[in-house]
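A.B. asks: Residue numbers (our numbering): 11 to 115. By construction, the Cβ of each residue, glycine as well, lies at the ideal position given by its N, Cα and C atoms.
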């Protein structure tokens with residue numbers, strides 16, 4: 011499954027449904043956000059059939075970031091069946107992210 015870009019308007023449809031979704035709250039000017047992008051691509055290739063990955067640009071979509079208390083980026087939130095179940099702040103390795111999301115799959 012490809013990584014999807016999500017807006018404030020599409021958040022409910024893309025994230026708050028059935029299954030497990032990893033949401034990356036990021037911004038284009040953020041160095042650690044740029045570092046985690048290829049990690050998310052690798053994770054998508056490895057377990058993308060079981061996990062949806064969504065990206066929310068906090069500059070363009072402040073409502074979603076505010077709604078989930080995103081204070082620093084990158085912040086990654088794991089949603090299970092529409093509910094936030096885990097939050098990770100800062101750069102993480104692929105193995106660390108995989109360990110977190112597989113607990114909720």
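By the 10 Å Cβ neighbour count, where 16 or more other Cβ atoms means buried, how is residue 67 classified, buried or exposed?
C.D. replies: Buried, since its Cβ has 16 or more Cβ neighbours within 10 Å.
A.B. asks: Return yes when the Cβ of residue 65 is within less than 8 Å of the Cβ of residue 13, no when it is not.
C.D. replies: Their beta carbons are under 8 Å apart, which means residue 13 touches residue 65 by this criterion.
A.B. asks: If we ignore side chains and look at the alpha-carbon of each, how far apart do residue 113 and residue 70 end up?
C.D. replies: If you take the alpha carbons of residue 113 and residue 70, they lie about 30 Å apart.
A.B. asks: Quick check: the Cα distance between residue 58 and residue 94, rounded to an integer number of angstroms?
C.D. replies: One C-alpha to the other measures close to 19 Å.
A.B. asks: Suppose you measure from the CA of residue 87 to the CA of residue 39; what does that come to, to the nearest Å?
C.D. replies: Residue 87 and residue 39: Cα-Cα distance of roughly 20 Å.
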